[in-house]
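Trainee:
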């Protein structure tokens with residue numbers, strides 16, 4: 595038992611030393627996070643495929659958005675998405691920051 599505790603202590607000490615010396619650098623995830631951000635989607639020009647990138651928008655809802663746009667013309671406001679079947683307040687709130695009109 596004493597041997598196991600001693601080994602664990604030595605490994606912990608070695609890892610701490612390596613971390614302090616920069617052998618195991620701390621990773622900065624901020625660049626990765628900014629690269630993974632969704633580019634804003636123009637709901638007046640986006641294809642079905644492009645719309646499916648948005649949270650809560652699958653093929654059926656994306657098709658409904660495109661069909662609405664083809665029937666009624668370009669969206670004049672983001673809130674007009676609420677007129678599209680299958681798009682409610684919750685989905686609009688989820689995607690509002692990821693969409694644009696131009």
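Numbering (our numbering), first residue to last: 595 to 696. Glycine residues also receive a C-beta, built at the ideal position from the N, C-alpha and C atoms. A quick note: this is a predicted structure, and the numbers were derived from the prediction, not measured.
Taking the alpha-carbon positions, what's the residue 686 to residue 675 distance?
Mentor: Computed Cα separation, rounded: 7 Å.
Trainee: Helix or strand or just coil, what does DSSP make of residue 689?
Mentor: Correct three-state label for residue 689: helix.
Trainee: In the structure shown, what three-state DSSP assignment does residue 681 receive?
Mentor: Looking at residue 681 - three-state DSSP - the assignment turns out to be coil, as it is neither helix nor strand.
Trainee: Considering only the beta carbon of each residue, do residue 693 and residue 653 sit closer than 9 Å?
Mentor: Contact: no.
Trainee: Roughly how many angstroms separate the alpha carbons of residue 695 and residue 644, rounded to a whole number?
Mentor: Cα to Cα, the separation comes out at about 14 Å.
Trainee: So, with DSSP's three-state summary, where would you put residue 637?
Mentor: Coil, per DSSP.
Trainee: If distances are taken between C-alpha atoms only, which option among 633, 641, 656 comes closest to residue 680?
Mentor: Considering only alpha carbons, the answer is 656.
Trainee: Quick one: give me the first and last residue of the alpha helix (DSSP H) that residue 675 is part of.
Mentor: Per DSSP, residue 675 belongs to no alpha helix (DSSP H) and is neither H nor E.
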